[in-house]
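Counting the sequence shown from 1 gives a position; my numbering is that position plus 724. Every residue gets a Cβ at the ideal spot worked out from N, C-alpha and C, and that includes glycine. Following: one structure in structure tokens, then a few remarks.
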Amino acid sequence: MIGNTSIVKGKRFDLGGMALYFFLTALGLLMLAPLVYMISSALKPTAELFLFPPRFFVVNPTLKNFKDLLLATGTSIVPFSRYIFNSVVVSTSIVIGSIIIAAMAAYPLSKHKRLPFKKTIFNLVIFALMFAPQVTQIPQFLVVSKLGLMNTYVALIVPALAAPVSLFLMKQFLDQIPDALIEATRIDGGTEWTTFWRVVMPMLKPAWATLSLFSFIGAWNDPWSANIYTTTENMKTLPLALQTLSGGYGVVARVGTVAAASLLMVIPTIVVFVVTQRMVLETMAHSGIKE
């Protein structure tokens, strides 16, 4: 044995590396525990939900909680599928709109050297990062209300598109694209729109993935927008409907139903993360690296 490294059957055995792997594995399992418990709770029958001390893993799994979820919402004015549809439409629109708007706003800030007040505008974006989103909810509500947009998808989507963090992320990634590449496109006769859409946007795919992940998680889990801008049941989104289920009449009897609804809420987020994780990690790995 030499230091922390020993030789086993002709191969080096790194004790320090193995200890690190065990520590990280234990930490990963600990972080997965809430997700596993939520899945287990969604599949537990009523008798196992109220056991004391509580049981971590389900013994007799059942889909009754999912059936109760459909029955509980089926007796209301709109079916449960309406909440899912609203969340999918709003979240998808916010993701697509945020990518396009943030990229179009960041492009002149990063690549147009003669843009007037460029530094002042970017400083205002940095300044806006310091405010919580709730600060602007009252003026946003007044604008939406005066424009007659209450109880519409526009009210749920448009206020979420102007996100300073999206513009900041796009601008920082655009700064890493060589100016010579854009100048070459312009010399070849490309217009600003051609340069932006056919040269810049394809190179921003890792930033798309990162922004898609963060925007989707924020929009999918946001109950406040639907709570403020909607007054009708058919415009509610899934997080607001989930709050109604967990805080409505018969709270104790709906523990399994809420667990089933929570599992349905988490699944799309996991899918989006799995799809985008490679490019997100690539973006984070390259952030801060300067040639």
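Rounded to whole angstroms, the gap between the alpha carbons of LYS842 and HIS836 is 9 Å.
Unbroken alpha helix (DSSP H) stretches of 4 residues or longer found wholly inside the stretch 768 to 823: 770 to 773 and 788 to 798, given in chain order. At least 8 Å separates the beta-carbon of SER936 from that of VAL859.
For ILE911, the enclosing alpha helix (DSSP H) begins and ends at 903 to 911.
Of the candidates MET755, ALA743 and ARG806, the residue whose Cα lies closest to the Cα of LEU966 is ARG806. Contact check for PHE781 against SER765 fails: the beta carbons are separated by 8 Å or more. The shortest C-alpha to C-alpha distance from ILE901 to any of ALA750, PHE920, ALA884 and SER890 is the one to PHE920. Taking C-beta separations shorter than 7 Å and ignoring five residues to either side along the sequence, the partners of PRO832 in its chain run LEU839, following chain order.
When C-alpha distances from VAL813 are compared across THR961, ILE906 and LEU905, the shortest belongs to THR961. Apart from the 5 residues on each side of it in sequence, ASP899 sits with its Cβ closer than 8 Å to the Cβ of SER834 in its chain, given in chain order.
The Cβ-Cβ distance between ILE881 and SER817 falls below 8 Å.
Taking a C-beta distance under 8 Å as the contact criterion, MET755 and ALA983 do not qualify as a contact pair.
The Cβ atoms of LYS768 and PHE846 lie no closer than 8 Å to each other. Scanning SER811, SER815 and ILE850 for the CA closest to the CA of ALA830 turns up ILE850. Relative to LEU988, the option among ASN784, PRO777, ILE808 and ALA771 whose CA is nearest is ILE808. Taking all protein chains shown into account, ALA827 has 16 or more neighbouring C-beta atoms within 10 Å of its C-beta and is therefore buried.
Looking at TRP932, ALA933, ILE911 and ILE906, the one whose alpha-carbon comes closest to that of ARG922 is ILE906. Taking C-alpha positions only, THR915 is separated from THR955 by approximately 46 Å. Rounded to whole angstroms, the separation of the alpha carbons of LYS870 and LEU1005 is 42 Å. Scanning the stretch 851 to 876 from its first residue to its last, no whole beta strand (DSSP E) run of 3-plus residues comes out.
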